[in-house]
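**Q** In the UniProt record's numbering, the protein residues as written are 1 to 471.
From the three backbone atoms N, C-alpha and C, an ideal C-beta is built for every residue, glycine too.
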Amino acid sequence: MTGAGQARPAALPAGSAGTPWSSGVRRADDGALEVAGVGVAELAADHGTPSYIVDEADFRARARAYRIAFEAAFAAVGTGVDVYYAGKALLTVAVARWAREEGLRVDTASGGELAVALRAGVPGSEIGLHGNNKSDTEIGRAFDNGVGRIIVDSLAEIDRIADLAVERGVVAPVMVRVTTGVHAGGHEYISTAHEDQKFGLSVNLASAVPDADSPAMTALLRILERPSLKLLGIHSHIGSQILDPDGFEAAAAAVLELRAALAARTGVLVEEVDLGGGYGIAYLPGEVALDPERVAKDIASSVADVAARLGTPLPRFSIEPGRAIVGPAGMTLYSVGTVKPVTVGGDGEEPFTRLYVSVDGGMSDNIRPALYGADYHAEIVGRSSDAAPVLARVVGKHCESGDIVVHQVMLPGDVRAGDLLAVAATGAYGRSMASNYNLLLRPPVVAVRDGASRVLVRRETEEDLLGLDQG
Numbered sequence: 001m002t003g004a005g006q007a008r009p010a011a012l013p014a015g016s017a018g019t020p021w022s023s024g025v026r027r028a029d030d031g032a033l034e035v036a037g038v039g040v041a042e043l044a045a046d047h048g049t050p051s052y053i054v055d056e057a058d059f060r061a062r063a064r065a066y067r068i069a070f071e072a073a074f075a076a077v078g079t080g081v082d083v084y085y086a087g088k089a090l091l092t093v094a095v096a097r098w099a100r101e102e103g104l105r106v107d108t109a110s111g112g113e114l115a116v117a118l119r120a121g122v123p124g125s126e127i128g129l130h131g132n133n134k135s136d137t138e139i140g141r142a143f144d145n146g147v148g149r150i151i152v153d154s155l156a157e158i159d160r161i162a163d164l165a166v167e168r169g170v171v172a173p174v175m176v177r178v179t180t181g182v183h184a185g186g187h188e189y190i191s192t193a194h195e196d197q198k199f200g201l202s203v204n205l206a207s208a209v210p211d212a213d214s215p216a217m218t219a220l221l222r223i224l225e226r227p228s229l230k231l232l233g234i235h236s237h238i239g240s241q242i243l244d245p246d247g248f249e250a251a252a253a254a255v256l257e258l259r260a261a262l263a264a265r266t267g268v269l270v271e272e273v274d275l276g277g278g279y280g281i282a283y284l285p286g287e288v289a290l291d292p293e294r295v296a297k298d299i300a301s302s303v304a305d306v307a308a309r310l311g312t313p314l315p316r317f318s319i320e321p322g323r324a325i326v327g328p329a330g331m332t333l334y335s336v337g338t339v340k341p342v343t344v345g346g347d348g349e350e351p352f353t354r355l356y357v358s359v360d361g362g363m364s365d366n367i368r369p370a371l372y373g374a375d376y377h378a379e380i381v382g383r384s385s386d387a388a389p390v391l392a393r394v395v396g397k398h399c400e401s402g403d404i405v406v407h408q409v410m411l412p413g414d415v416r417a418g419d420l421l422a423v424a425a426t427g428a429y430g431r432s433m434a435s436n437y438n439l440l441l442r443p444p445v446v447a448v449r450d451g452a453s454r455v456l457v458r459r460e461t462e463e464d465l466l467g468l469d470q471g
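1. Tell me which same chain residues have a C-beta within less than 6 angstroms of the C-beta of residue 534, skipping the five on either side of it?
2. Measure the C-alpha to C-alpha separation of residue 481 and Ala45 and round it to an integer number of angstroms.
3. So does the region 73-84 actually touch the region 250-270, counting three or more Cβ pairs closer than 8 angstroms?
4. Taking three-plus beta-carbon pairs below 8 angstroms as touching, is the region 350-365 in contact with the region 436-447?
5. Since Gly111 contacts Arg67 with CB under 8 angstroms, what's their CB separation in whole angstroms?
6. Taking just the CA atoms, how far does Val81 sit from Leu275?
7. Gly48: which of Ile223, Arg449, Gly418 sits nearest, CA to CA?
8. With distances taken from CA atoms, which of Ala41, Val95, Glu42 is nearest Asp58?
9. Can you tell me whether Glu56 is helix, strand or coil according to DSSP?
10. When you compare the CB positions of Thr353 and Pro369, do they come within less than 8 angstroms of one another, or not?
11. Identify, in the order they occur along the chain, each residue of the same chain with its Cβ nearer than 8 angstroms to the Cβ of Asp464, setting aside the five sequence neighbours on each side.
12. Do Leu232 and Pro313 have their beta-carbon atoms positioned less than 8 angstroms apart in this structure?
13. Whose C-alpha, out of Ala282, Ser432, Val170, is nearest the C-alpha of Pro227?
14. For Tyr283, count neighbouring C-beta atoms within 10 Å of its own C-beta (all shown protein chains included) and say buried if the count is 16 or more, exposed if not.
15. So Asp153 and Arg177 are supposed to be a Cβ contact under 8 angstroms. How far apart are they, rounded?
16. Run through the DSSP bridge pairs and tell me what Thr266 is partnered with.
17. Given Arg294, which residues of its chain have a CB within under 8 angstroms of its CB, disregarding the five upstream and five downstream residues?
18. Please determine, among Gly402, Gly451, Leu256, the residue with the shortest C-alpha to C-alpha distance to residue 479.
19. What separation, rounded to the nearest whole angstrom, lies between the Cα atoms of Asp347 and Gly451?
20. Where does Asp365 sit, in a helix, a strand or coil, going by DSSP?
21. Can you name the residues that DSSP bridges to Gly39?
22. Just to check my reading of the structure: Arg222 and Ile158 have Cβ atoms closer than 8 angstroms, yes? What is that Cβ distance to the nearest angstrom?
23. Scan the region 102-145 and note each continuous alpha helix (DSSP H) run of 4 residues or more that stays entirely inside, going in chain order.
24. Who pairs with Glu320 in a beta bridge, going by DSSP?
25. Starting from the Cα of Arg309, find the closest Cα among Ser22, His398, Arg26, Ala260 and give me that residue.
26. If you drop the 5 nearest sequence neighbours on each side, which residues of the same chain put their C-beta closer than 6 angstroms to that of Val147?
27. I'd like to confirm the pairing. Which residues does DSSP put opposite Arg160 in its beta bridges?
28. So the beta strand (DSSP E) Arg177 belongs to, where does it begin and stop?
29. Spatial neighbours of Val455 within its chain, please: C-beta separation below 6 angstroms, excluding the five flanking residues on both sides.
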């Protein structure tokens, strides 16, 4: 355990609107950053760099905020809601426990994520299993542990799950993931409700046969024909890093209309609708995250209006705000190595100098900037500086010119080897998308709370790498 630093923290507007840092971040009198009362120098000394640092109290506060906001908003329109923590953002045994202790359920998307949630003691009934290509083993594990819902992603999967359920002598609880045609999200790769992609079944596209059903309706009808399947409801997910709730409202309307159409044909009014997640966060100073109370009230009001228009009672709802809970709670702490000024320009462009600041990690611990140009904010956090800021690019140590951690940021002109540098809002999709490219060792996940730190996931070692290599 690491004790808190002695310097008294000065006020810093971290964790509030317009900042990407967690609520526990402060600048001490000497200019060094503290997280939940622990100085970054102590964190670096005790755990090394790079390290993923997670502010536990901040995570818990955001989890509570989403649960309370959605429960209140949906109760006001006469229905209930379950909040699922989307494990794909970051899932460790401790993180899964935090989520459950704050009243959240856990959504998983693989056998590995399911194993972690179960190890954390999350009851199967409070776990969902996603995935566009689930294996028989994953489905069987879901059956064995009483997973509360399996989200069907294709027509072929319906028969596979149904047949496996017959073999196990169980009735499988399933939802159908649909694509509504509502496009939202910060990048094409994370917008998941348009038709030309691998997830879900379209509510809009019918086959070439006249008057044929859409794939979504076909799936719902097929599930009702299989006694080994229990149709719980309909699932929709429209994208990620969404900062405008209008997309959720439009998608919810499409799903409720599909629900009403199924009831008109079969008399079956499914009991649950999942509206997915993708709630956006602040990655850069000045950005404002999607407010839980605002989005909860807007969506609740919208679905109530749609249900009234359709003449159908409201279902129970569920949501999955993964990034919005863990993203701002995390940061990555690096050590600076090589610092190199590079003159950029020519061919009629006015030359300018960009300072390339290399750190001891890179695309292996945060692939998002290289994968789809994600923007992050970085600061020198181990000291104060009076040097004039200069245009900088934070890069990693991998053998790729695209190994960029922060594309553009102003850093003190005296940044030098040995400085500690932190990148904000890396709690989501840093560790969960990490790799061993160039055989770098994946960093540890370190939780901080009340002036102390503890390791949730240890740093990989060379023995770990060599232990997998069978020669």
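**A** If we stick to the structure as given:
1. Any property of residue 534 remains undetermined from this structure, which presents the chain solely from 1 to 471.
2. Missing from the structure shown is residue 481; the chain here goes from 1 to 471 and no further.
3. no
4. yes
5. Taking the sequence shown and counting its residues from 1, one reaches residue 111 at position 111. Taking the sequence shown and counting its residues from 1, one reaches residue 67 at position 67. The Cβ separation is near 27 angstroms, so there is no contact.
6. The residue labelled residue 275 in the question sits at position 275 within the sequence shown. The residue labelled residue 81 in the question sits at position 81 within the sequence shown. One C-alpha to the other measures close to 10 angstroms.
7. Sequence index remark: in the sequence shown, residue 48 carries index 48 (1-based). Nearest C-alpha to Gly48: Gly418.
8. Here residue 58 is taken as the residue at index 58 of the sequence shown, counted from 1. Considering only alpha carbons, the answer is Val95.
9. What you label residue 56 is simply residue 56 of the sequence shown in a count that begins at 1. Of the three classes helix, strand and coil, the one that applies to Glu56 here is helix, per DSSP.
10. To locate residue 353, count along the sequence shown from 1; it is residue 353. To locate residue 369, count along the sequence shown from 1; it is residue 369. Not a contact, by the Cβ cut-off of 8 angstroms.
11. Counting from 1 along the sequence shown, the entry for residue 464 is found at position 464. The residues Leu441, in chain order, have a CB closer than 8 angstroms to that of Asp464 in the same chain once the five nearest residues on each side in sequence are set aside.
12. Locating residue 313 in the sequence shown gives position 313, where the first residue counts as 1. Locating residue 232 in the sequence shown gives position 232, where the first residue counts as 1. Going by C-beta atoms, Pro313 is not nearer than 8 angstroms to Leu232.
13. For the purposes of this step, residue 227 is taken as the residue at position 227 of the sequence shown. Taking only the C-alpha atoms, the option nearest Pro227 is Val170.
14. Here the question's residue 283 lines up with position 283 in the sequence shown. By the 10 Å Cβ count, Tyr283 comes out buried.
15. As a position in the sequence shown, residue 153 is number 153, starting the count at 1. As a position in the sequence shown, residue 177 is number 177, starting the count at 1. Sure, about 5 angstroms apart at Cβ, within 8 angstroms.
16. In the sequence shown, the residue the question calls residue 266 occupies position 266. Thr266 is not bridged to any residue.
17. By one-based count along the sequence shown, residue 294 stands at place 294. Pro245, listed in sequence order.
18. Residue 479 lies beyond the range of the chain shown here (1 to 471); nothing can be said about it.
19. Reading the sequence shown from its first residue, position 347 is the one you call residue 347. Reading the sequence shown from its first residue, position 451 is the one you call residue 451. So the two alpha carbons sit approximately 54 angstroms from each other.
20. Mapped onto the sequence shown, residue 365 falls at position 365. DSSP places Asp365 in coil when its eight states are reduced to three.
21. Within the sequence shown, residue 39 is the residue found at index 39, counting from 1. Paired residue(s): Glu34.
22. As a working mapping, residue 222 is identified with position 222 in the sequence shown. As a working mapping, residue 158 is identified with position 158 in the sequence shown. Indeed, because the Cβ distance is near 5 angstroms, the residues count as touching under 8 angstroms.
23. 111-119, 136-144
24. Numbered from 1 along the sequence shown, position 320 holds the residue referred to as residue 320. Note: Glu320 sits in a beta bridge opposite Gly277.
25. Numbered from its first residue, the sequence shown carries residue 309 at position 309. The residue with the shortest Cα to Cα distance from Arg309 is Ala260.
26. For this step, residue 147 is matched to residue 147 along the sequence shown. Answer for Val147: Gly124, Ile127, Leu129, listed in chain order.
27. The residue given as residue 160 occupies position 160 in the sequence shown. Answer by DSSP bridge pairing: none, since Arg160 is not bridged.
28. As a position in the sequence shown, residue 177 is number 177, starting the count at 1. Element bounds for Arg177: 172-179.
29. For the purposes of this step, residue 455 is taken as the residue at position 455 of the sequence shown. Excluding positions up to five away in sequence, the list reads Pro444, Val446.
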